[in-house]
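Numbering (our numbering), first residue to last: 6 to 58.
All C-beta atoms in this analysis are idealised placements derived from N, C-alpha and C, irrespective of residue type, glycine included.
Since the structure comes first, as structure tokens, the remarks are kept for the end.
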Amino acid sequence: METEKHFTIRSGWLRAALLGANDGILSTASLVIGIAAASCTRDPVWKPMQEMN
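Rendered as structure tokens:
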């Protein structure tokens with residue numbers, strides 16, 4: 006009897022890459038929201054470089 010070959014075993018790197026990218030996006034968004042919530046002013050969290058000079 007022949008065994009079936011499943012290609013789902015080889016797709017682990019893609020799953021890890023997608024979940025890792027999603028984790029990075031969520032971490033960055035949470036950090037920005039936390040900084041914005043802790044601020045007393047209503048200024049934007051990220052200002053364009055032209056306004057900073």
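Task: Rounded separation between K10 and D48 - CA only - done: 57 Å
Open item on the list: Going by beta-carbon coordinates alone, are W18 and V37 separated by less than 9 Å?
Closed with: no
- [ ] Take T46 and list the residues in its own chain whose beta-carbon comes closer than 6 Å to its own, dropping the five residues that flank it on each side.
- [x] none
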